[in-house]
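S.K.:
2 protein chains.
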Amino acid sequence: MKKIRIALIGYGNVGKAFAQMLLRKQEYINETYGCEAVISAICTRSKGAVMDPEGIDVRTLRDEDFDQSQDALRVIDFGEYDIMAELTPINIMSGMPAIEHVRRAMNRGKHVITANKGPIAWAYRELRDLAREKNVQFCYEATVMDGVPVYNLTKETLMGCKITEVSGILNATTNFILTEMEKGSTFDEAVAEGRVQGFVEADASMDIDGWDAAAKLTALMNVLMDVSITPLDINRTGIGGITKSDLDAAADAGKKIKLLCRGWMTEDGSGNPKPVGTVGPTLVDRDSLPAIMDATSSYVSIMTDLMGGVTVIEEPFEPEIDHTAYGVLSDLLRILLTIRLT
Amino acid sequence: MKKIRIALIGYGNVGKAFAQMLLRKQEYINETYGCEAVISAICTRSKGAVMDPEGIDVRTLRDEDFDQSQDALRVIDFGEYDIMAELTPINIMSGMPAIEHVRRAMNRGKHVITANKGPIAWAYRELRDLAREKNVQFCYEATVMDGVPVYNLTKETLMGCKITEVSGILNATTNFILTEMEKGSTFDEAVAEGRVQGFVEADASMDIDGWDAAAKLTALMNVLMDVSITPLDINRTGIGGITKSDLDAAADAGKKIKLLCRGWMTEDGSGNPKPVGTVGPTLVDRDSLPAIMDATSSYVSIMTDLMGGVTVIEEPFEPEIDHTAYGVLSDLLRILLTIRLT
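Line order of the protein sequences matches chains A and B. The working numbering numbers the first residue of the first sequence as 1 and each following residue consecutively. The working numbering numbers the first residue of the second sequence as 343 and each following residue consecutively.
1) Just the C-alpha distance for G472 of chain B and M448 of chain B, rounded to the nearest angstrom, thanks.
2) Can you confirm whether the region 485-501 of chain B touches the region 647-661 of chain B when touching is taken to mean that 3 or more C-beta pairs between the two stretches lie within less than 8 Å?
3) Closer than 8 Å, CB to CB, is P290 of chain A near chain B or not?
4) With a threshold of 8 Å between beta carbons, is D287 of chain A in contact with chain B?
5) With distance defined between alpha-carbon atoms, name the residue in A:D207, A:Y151, A:K216 and A:A214 nearest to T174 of chain A.
6) Strictly below 7 Å CB to CB, what residues from chain A border H665 of chain B?
7) If we define contact as Cβ-Cβ less than 8 Å, is S205 of chain A a contact residue for chain B?
8) Measure the beta-carbon distance from G460 of chain B to G437 of chain B and round it to whole angstroms, keeping in mind my assumption that it falls under 8 Å.
9) The beta strand (DSSP E) with G622 of chain B in it runs from where to where?
10) Is there a Cβ of chain B sitting closer than 8 Å to that of K16 of chain A, yes or no?
11) Judging by CA-CA distance, which residue of B:E396, B:A440, B:Y482 and B:Q539 is the nearest neighbour of T666 of chain B?
12) Pick helix, strand or coil for E86 of chain A, following the three-state DSSP scheme.
13) Can you tell me where the alpha helix (DSSP H) with M523 of chain B in it begins and where it stops?
14) Does the beta-carbon of V380 of chain B have 16 or more other beta-carbons within 10 angstroms, so that it is buried, or is it exposed?
15) Is R387 of chain B helix, strand or coil when you go by DSSP?
16) Please state whether the Cβ-Cβ distance between L512 of chain B and S640 of chain B is less than 8 Å.
17) Would you mind reading off the limits of the alpha helix (DSSP H) that contains G408 of chain A?
18) For R108 of chain A, tell me which candidate among A:E133, A:N116 and A:M93 has the shortest Cα-Cα distance.
19) Is F66 of chain A helix, strand or coil by DSSP?
20) Just to make sure I have the definition right: I need the residues of chain B whose C-beta is within less than 8 Å of the C-beta of L329 of chain A. Which are they?
21) Could you tell me which chain A residues have their CB closer than 9 Å to the CB of V654 of chain B, listed as they occur along the chain?
22) The beta strand (DSSP E) spanning L350 of chain B covers which residue range?
23) Only counting the same chain, and skipping five residues up and downstream in sequence, which positions put a Cβ closer than 6 Å to that of R467 of chain B?
24) Residues of the region 19-37 of chain A with a CB closer than 9 Å to any CB of chain B: list them in chain order, please.
25) Are the region 439-447 of chain B and the region 530-541 of chain B touching by the rule of at least three beta carbon pairs closer than 8 Å?
26) With a threshold of 8 Å on Cβ separation, who are the neighbours of V276 of chain A within its own chain once the five nearest residues in sequence on each side are excluded?
27) Run down chain A in chain order and give the residues with a C-beta less than 8 Å from the C-beta of V490 of chain B.
28) Quick one, which of A:Y326, A:G48, A:L336 and A:L337 has its alpha-carbon nearest R24 of chain A's?
29) Give the interface partners of L333 of chain A over in chain B, defined as CB-CB distance under 8 Å, in chain order.
30) Out of curiosity, what's the CA-to-CA distance linking D545 of chain B and K452 of chain B?
31) In its own chain, which residues sit with a C-beta less than 7 Å from the C-beta of A19 of chain A, not counting the 5 before and 5 after it?
32) Name, please, each residue of chain B whose Cβ falls closer than 9 Å to the Cβ of Y326 of chain A.
33) Just mark E428 of chain B as buried or exposed, buried being the case when its beta carbon has 16 or more other beta carbons within 10 Å.
34) For L232 of chain A, count neighbouring C-beta atoms within 10 Å of its own C-beta (all shown protein chains included) and say buried if the count is 16 or more, exposed if not.
35) For V14 of chain A, which residues of its own chain have a beta-carbon under 6 Å away from its beta-carbon, when the five flanking residues on both sides are left out?
Shown next, in the form of structure tokens:
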């Protein structure tokens with residue numbers, strides 16, 4: 001059976017969960033796609049890399065199997081693989097070095113999956129065009145709402161529709177904090193509780209200041225509305241200034257405060273189309289869709305010309321399921337389908 | 343440019359809206375799929391049929407152009423077309439004659455689109471297998487939630503996931519009636535208002551008694567959970583027994599009453615998997631997702647093994663957009679894509 005080799009650049013929670021999911025679905029993949037998908041390289045920043053074209057057995061992988069003299073660029077440039085999965089942590093202010101990883105893999109004619117939204121928020125159009133030129137697949141479903149198929153919902157199932165607006169709650173951390181504060185916690189207590197439950201990272205500033213939401217909105221707009229903006233173009237306000245009394249006042253008026261994202265097209269002074277994106281705390285009615293998105297739920301609404309409004313919701317996380325890893329797996333299956341058809 | 347010919351079996355609101363949408367998207371189709379999609383036959387029960395392999399111009403079509411001596415079966419068996427679109431009104435208790443229309447078109451090697459859910463609720467497995475045998479496409483996205491891509495969300499974008507449960511609000515008419523009653527109308531007043539606004543048909547019994555919802559739930563379960571049931575297998579209760587005081591009592595308890603559908607797998611006495619489907623008025627919390635689905639909104643939630651729960655919402659109808667016609671158009675584009683690739 002034909003082997004399809006995957007290089008994992010980054011091996012944190014998502015990479016490990018993806019490797020486990022791949023094991024679980026191995027038989028399904030063999031039967032459905034007529035090939036064997038193996039991990040032929042794993043690369044981490046601290047430990048170096050391990051490579052085996054026959055496939056790495058992650059169940060027996062030990063720290064000492066890693067070669068400290070190897071790094072991501074060497075693996076990407078010289079390693080043996082068909083698909084590069086970019087799973088490193090995002091640098092939200094530049095998208096680097098993930099963009100360079102994607103670029104180099106594509107230049108070698110390799111398919112690319114990224115769970116890192118940096119390349120989509122900072123260099124989507126360049127990388128999309130490069131993928132076309134090199135005739136490789138470029139998949140990024142896990143970059144927004146984890147494995148919930150927001151991009152492919154539009155590309156594969158809402159065919160022929162033009163997207164005129166996107167909106168939603170895109171950041172789970174801030175939604176969790178606001179939900180805890182509604183229940184009575186102070187801002188700091190909510191952040192601390194989120195850390196205990198694993199929903200808030202050690203450095204939560206990128207979430208709290210709205211940068212993560214802005215990067216996701218940018219990614220959605222770049223892909224779905226065919227624009228070319230960066231997170232710096234988003235009018236952004238975080239939730240750092242929200243107090244318990246703001247939420248109480250909202251509740252008294254039958255409302256809630258949610259960190260909403262919204263992107264749409266307007267015109268500049270000369271009548272040319274101009275994208276506008278906003279992220280900020282917003283008052284919403286208690287019985288509206290954003291209001292009932294508690295804790296780690298999120299949603300994206302898109303407005304289309306032919307089908308009106310369509311919304312997709314990601315339900316709250318369940319501890320035993322890694323939604324982001326599924327996003328990577330679904331992209332892998334999409335690539336395997338293409339390989340099988342060609 | 344290659345002509346792809348479409349036969350419309352049924353030419354009511356959906357057929358007419360689809361024909362208009364096709365005109366609007368003609369240029370897009372030519373450019374994207376490299377072919378011209380024309381309507382080569384239109385068939386109605388009362389007026390007979392009109393056929394033109396070069397393409398019928400619906401803008402100038404008059405009643406006297408129809409040939410009274412033609413009927414659906416003659417068009418399907420002897421007409422010139424590549425794709426048959428089954429757009430006749432559903433017979434919810436048997437799925438006929440739509441099933442026979444689909445069967446005959448497939449037996450001639452023609453692709454099939456159905457907006458009529460009868461074939462999916464009553465004969466899905468047979469027709470799916472026949473389509474495979476004849477190597478034709480069988481598309482039915484418009485049968486549930488109009489053009490919202492519930493089937494293709496699962497098939498094309500949630501690849502590799504197993505669906506363990508489906509639930510939702512699937513019938514807009516009953517949701518509209520319950521919403522009006524919450525606002526203060528009696529049942530009869532709500533039905534009358536729905537007729538004025540065009541959301542309630544002359545004979546609303548199939549909606550009110552839950553048959554339409556049951557047929558849609560059956561269709562979803564047959565396709566997404568790979569079972570073979572009919573609407574008669576659904577445990578079904580309509581909204582005919584719901585009174586204003588029921589809704590008031592619910593409101594006093596912070597709840598609403600909604601006609602919910604739910605399908606899942608259980609085991610029969612011998613430990614074999616057994617599908618269970620229920621449709622009935624259900625008490626839901628005021629701030630839950632079903633509760634905020636007012637008027638003509640609807641939603642489907644699916645529970646998956648790899649991705650947890652995912653929900654798709656169809657926003658309220660907008661008068662200028664025909665959501666069902668878009669479902670037919672999206673199926674057409676799906677078929678054109680396949681034709682182009684092969």
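Just so you know, even glycine gets a beta-carbon here, dropped at the ideal spot from N, CA and C.
M.R.: The answer reads as follows:
1) Taking the first residue of the second sequence as position 1, residue 472 of chain B is located at position 130. Taking the first residue of the second sequence as position 1, residue 448 of chain B is located at position 106. In the sequence as displayed, the identity of residue 472 of chain B is Leu instead of Gly. In a straight line, the C-alpha of L472 of chain B is about 7 Å away from that of M448 of chain B.
2) Result yes; three or more Cβ-Cβ pairs closer than 8 Å.
3) Residue mapping note: residue 290 of chain A aligns to position 290 of the first sequence, counting from 1. False, the Cβ-Cβ gap to chain B never drops below 8 Å.
4) Working through the first sequence from its first residue, we reach residue 287 of chain A at position 287. Interface residue, yes.
5) Taking the first residue of the first sequence as position 1, residue 174 of chain A is located at position 174. Minimum Cα distance to T174 of chain A is reached at A:D207.
6) Locating residue 665 of chain B in the second sequence gives position 323, counting from the first residue. Chain A residues near H665 of chain B: M307 and G308.
7) Here residue 205 of chain A refers to the residue found at position 205 of the first sequence. Using a Cβ-Cβ cut-off of 8 Å, S205 of chain A does not count as an interface residue toward chain B, since no Cβ of chain B sits closer than that to its own.
8) Position 118 of the second sequence, counting from 1, holds the residue named residue 460 of chain B. Position 95 of the second sequence, counting from 1, holds the residue named residue 437 of chain B. With a Cβ gap of about 3 Å, G460 of chain B and G437 of chain B count as contacting.
9) Along the second sequence, one-based indexing puts residue 622 of chain B at 280. Residues P615 to D627.
10) In the first sequence, the residue the question calls residue 16 of chain A occupies position 16. The beta carbon of K16 of chain A does not come within 8 Å of any beta carbon belonging to chain B, so the residue lies off that interface.
11) The residue labelled residue 666 of chain B in the question sits at position 324 within the second sequence. Cα-wise, what sits closest to T666 of chain B is B:Y482.
12) Position 86 of the first sequence, counted from the first residue, corresponds to residue 86 of chain A. It is a strand residue.
13) Indexing the second sequence from 1 puts residue 523 of chain B at position 181. Where M523 of chain B is concerned, the enclosing alpha helix (DSSP H) stretches over A514 to E524.
14) Residue numbering aside, residue 380 of chain B sits at position 38 when the second sequence is read from its first letter. Under this definition V380 of chain B is a buried residue.
15) Residue mapping note: residue 387 of chain B aligns to position 45 of the second sequence, counting from 1. Here R387 of chain B sits in coil by DSSP.
16) For the purposes of this step, residue 512 of chain B is identified with residue 170 of the second sequence, where counting begins at 1. For the purposes of this step, residue 640 of chain B is identified with residue 298 of the second sequence, where counting begins at 1. Closer than 8 Å, so yes.
17) What the structure shows of chain A is the stretch from 1 to 342, and residue 408 of chain A is not part of that stretch, so it cannot be assessed.
18) Here residue 108 of chain A is taken as the residue at index 108 of the first sequence, counted from 1. The residue with the shortest Cα to Cα distance from R108 of chain A is A:E133.
19) Along the first sequence, read from residue 1 onward, the residue named residue 66 of chain A stands at position 66. For F66 of chain A, the three-state secondary structure derived from DSSP is coil.
20) Position 329 of the first sequence holds residue 329 of chain A. Using a Cβ-Cβ cut-off of 8 Å, L329 of chain A is close to G502 and L648 of chain B, given in chain order.
21) Translated into the one-based positions of the second sequence, residue 654 of chain B becomes position 312. Correct list: L153, V310, T311, V312 and I313.
22) Translated into positions along the second sequence, residue 350 of chain B becomes position 8. Segment K344 to I351, the beta strand (DSSP E) holding L350 of chain B.
23) As a first step, residue 467 of chain B must be located in the second sequence, where it is residue number 125. S570, listed in sequence order.
24) Close to chain B, meaning a Cβ-Cβ distance shorter than 9 Å, are the following residues of the region 19-37 of chain A: M21, R24, K25, Y28, I29 and T32.
25) Contact fails: fewer than three Cβ-Cβ distances are below 8 Å.
26) As a position in the first sequence, residue 276 of chain A is number 276, starting the count at 1. Same-chain partners within the cutoff: N235, G263, W264, M265 and T266.
27) For this step, residue 490 of chain B is matched to residue 148 along the second sequence. Around V490 of chain B, the beta-carbon contacts reaching into chain A at under 8 Å are M307 and V310.
28) Within the first sequence, residue 24 of chain A is the residue found at index 24, counting from 1. The residue with the shortest Cα to Cα distance from R24 of chain A is A:Y326.
29) Start at 1 with the first residue of the first sequence, and residue 333 of chain A comes out as number 333. Chain B residues near L333 of chain A: M501 and G502.
30) Taking the first residue of the second sequence as 1, we reach residue 545 of chain B at position 203. Taking the first residue of the second sequence as 1, we reach residue 452 of chain B at position 110. Cα to Cα, D545 of chain B sits roughly 34 Å from K452 of chain B.
31) For the purposes of this step, residue 19 of chain A is taken as the residue at position 19 of the first sequence. Counting only Cβ-Cβ distances below 7 Å, and skipping sequence neighbours, we find I39 and V58.
32) Within the first sequence, residue 326 of chain A is the residue found at index 326, counting from 1. Chain order gives the chain B residues near Y326 of chain A as L500, G502, C503, T646, L648, M649 and G650, where near means a beta carbon separation below 9 Å.
33) Taking the second sequence and counting its residues from 1, one reaches residue 428 of chain B at position 86. Around the Cβ of E428 of chain B, a 10 Å sphere holds 16 or more other Cβ atoms; the residue is buried.
34) Within the first sequence, residue 232 of chain A is the residue found at index 232, counting from 1. A residue is called buried when at least 16 other Cβ atoms come within 10 angstroms of its Cβ; L232 of chain A does not meet this threshold and is exposed.
35) Here residue 14 of chain A is taken as the residue at index 14 of the first sequence, counted from 1. Result list for V14 of chain A: L87, A115, T324 and A325, in chain order.
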